[in-house]
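Numbering (the working numbering), first residue to last: 7 to 116.
The beta carbon of each residue, even a glycine, is placed where N, CA and C say it ideally should be.
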């Protein structure tokens, strides 16, 4: 029993949802977990970061192709790394700032 299995119980995922939403950082619509590969996909209907950054996109000077929710990406990476006690990396694959309908994050172990 490595401890990883224990960390993947539903209450851990519920904690992740409650934690992100309690902080007011967004509204999670879906979470997908591959228990064998420890790959996660977290889909947000909206994020506070994308809502706020949309007001100042021109001032940021980033291209529409590169803009993303950096803060939330880092929080998800850090939270799952801590919960699973291993290094994880997060990448936002879809972002409402780039015209997508949702913000979608993919997190995997390094």
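Residue j beta carbon less than 9 Å from that of residue i
i, j, result
"residue 78", "residue 46", "no"
"residue 48", "residue 40", "no"
"residue 76", "residue 55", "yes"
"residue 59", "residue 29", "no"
"residue 33", "residue 52", "yes"
Separation of residue j from residue i, as counted between CA atoms
i, j, result
"residue 7", "residue 62", "Low confidence applies here, because residue 7 scores a pLDDT of 38, under 50, leaving its location unreliable; read the following figure in that light. Using only the alpha carbons, I get a separation of about 49 Å."
"residue 64", "residue 57", "14 Å"
"residue 90", "residue 80", "15 Å"
"residue 113", "residue 87", "10 Å"
"residue 106", "residue 15", "31 Å"
"residue 18", "residue 101", "25 Å"
"residue 108", "residue 42", "26 Å"
"residue 70", "residue 24", "30 Å"
"residue 26", "residue 44", "20 Å"
"residue 68", "residue 31", "22 Å"
"residue 96", "residue 38", "14 Å"
For residue j and residue i, believed in contact at Cβ under 8 Å, the rounded distance
i, j, result
"residue 82", "residue 73", "With a Cβ gap of about 17 Å, residue 82 and residue 73 do not count as contacting."
"residue 93", "residue 116", "4 Å"
Original post:
Taking only runs of the alpha helix (DSSP H) that begin and end inside the stretch 39-115, which ones reach a length of at least 4 residues, in chain order?
Top reply: 54-59, 63-66 and 76-90
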